[in-house]
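Taking the numbering used here as reference, the numbering of the sequence shown is continuous, increasing by one, and the terminal residue is 350. Built from N, CA and C at the ideal position, the CB exists for glycine as well. Model, not experiment: these values are computed from the prediction.
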Amino acid sequence: MKKITSLLIVLTLGLTFCNSSIAQGTTEEQAPRDRIYDRFSPSEREIIPYDHIRESDVFMEKRIWRVIDSREKINLPFKYEGIDWKDMKPLITIFNDAIKEGSVVYDDEYFKIPLTPEAFLKKTGSIDTIALYDIDGNYTHDTIVTNEFDPNSVKKFRVKEDWFFDKETSTLQVRILGIAPIYTDPDAGELALYWVYYPDFRKILVKQDVFNPKNDAIRFSWDDIFEGRLFGSYIIKESNVLDRKIQDYKQGVDALMEAEKIKQEMFEWEHDLWSL
Numbered sequence: 075m076k077k078i079t080s081l082l083i084v085l086t087l088g089l090t091f092c093n094s095s096i097a098q099g100t101t102e103e104q105a106p107r108d109r110i111y112d113r114f115s116p117s118e119r120e121i122i123p124y125d126h127i128r129e130s131d132v133f134m135e136k137r138i139w140r141v142i143d144s145r146e147k148i149n150l151p152f153k154y155e156g157i158d159w160k161d162m163k164p165l166i167t168i169f170n171d172a173i174k175e176g177s178v179v180y181d182d183e184y185f186k187i188p189l190t191p192e193a194f195l196k197k198t199g200s201i202d203t204i205a206l207y208d209i210d211g212n213y214t215h216d217t218i219v220t221n222e223f224d225p226n227s228v229k230k231f232r233v234k235e236d237w238f239f240d241k242e243t244s245t246l247q248v249r250i251l252g253i254a255p256i257y258t259d260p261d262a263g264e265l266a267l268y269w270v271y272y273p274d275f276r277k278i279l280v281k282q283d284v285f286n287p288k289n290d291a292i293r294f295s296w297d298d299i300f301e302g303r304l305f306g307s308y309i310i311k312e313s314n315v316l317d318r319k320i321q322d323y324k325q326g327v328d329a330l331m332e333a334e335k336i337k338q339e340m341f342e343w344e345h346d347l348w349s350l
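Here it is in structure tokens:
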């Protein structure tokens, strides 16, 4: 009888130890939730497709080029400089990661010349040859050092878009066609790093979160930012017969006033249409 009792005690202690170990292992595998509720994954999001536009329904159309400067307060999410927002990435990093995974970008704003992987690596990094010496100062050999691209060097983004009046819906609409990160070349000035064809990249941007400074419960995606026009920008060019930018014929404050004039003319055109 004593043997049976001892055996039962041993089995009970063994089961208790096993259950404790299993519970401990489960606890170690599941990290604490950093929120009061479970959020759905951004990967579940899908874009809202555009309505089909027929040529016969376009009553008026104007092409506009504008610049988004990430140093403006409203545009701070475009860089996230010096801040670790975990799953939130600056726009340039999203673009570069997508390119490395096989997405196609272009070397020109007309989307005719695809940027090769070699050209992309050349634009987003550099290779230097450095001579190495021993402790006595004698040359030993050369080594190749790869300089990684600094995403913080991109301060601006150029946007190419079409504004048009749709007769079917009687609305003035805008469709973004391309986005280009801008870097500063010591000799040539500001140049486009590459051009992203925005309609193709929407399916990538919709799955990337953007910080919402007004409400943590409502998350924006990069698709929301662009489709909702939740950014600050200024016009640098409109379609014209000489294909000139504003800076080619206006400077300083006059250039800013010209950009505002173009924006005002578009507003007045729509306003006057309803006044006829």
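Handout entry: Selection from T258, E192, I253 that minimises the alpha carbon distance to E183
Key = I253
Practice task
Would you give the residue range spanned by the beta strand (DSSP E) that K230 belongs to?
Solution key: 230–240
Problem - The alpha helix (DSSP H) enclosing L195, as first and last residue numbers - result: 191–197
Problem - Nearest to S144 (by Cα), restricted to the options S227, M340, I122 - result: S227
Handout entry: Straight-line gap, L246 to Y124 (C-alpha atoms, nearest Å)
Key = 14 Å
Problem - Y308 in three-state terms, based on DSSP - result: strand
Practice task
Examine the Cβ distances between the region 270–289 and the region 169–183 and report whether three or more of them are shorter than 8 Å.
Solution key: yes
Exercise for the section: Give the straight-line distance between the Cα atoms of Q282 and P116, rounded to the nearest whole angstrom. Expected result: 7 Å
Problem - Contacts around E342, its chain only, beta-carbon distance under 8 Å, and the 5 residues preceding and following it disregarded - result: none
Problem - Residues that A262 bridges to, as DSSP identifies them - result: DSSP, once it has assigned bridges, lists no residue as partnering A262.
Practice task
Quickly, what does DSSP pair R137 with across the bridge? List them, please.
Solution key: D236
Practice task
Could you pull out every residue in the same chain whose Cβ sits closer than 7 Å to the Cβ of K153, ignoring the five residues on either side in sequence?
Solution key: S144, P164, N226
Exercise for the section: Report the three-state DSSP secondary structure of V315 (helix, strand or coil). Expected result: coil
Practice task
Just the C-alpha distance for W237 and A333, rounded to the nearest angstrom, thanks.
Solution key: 15 Å
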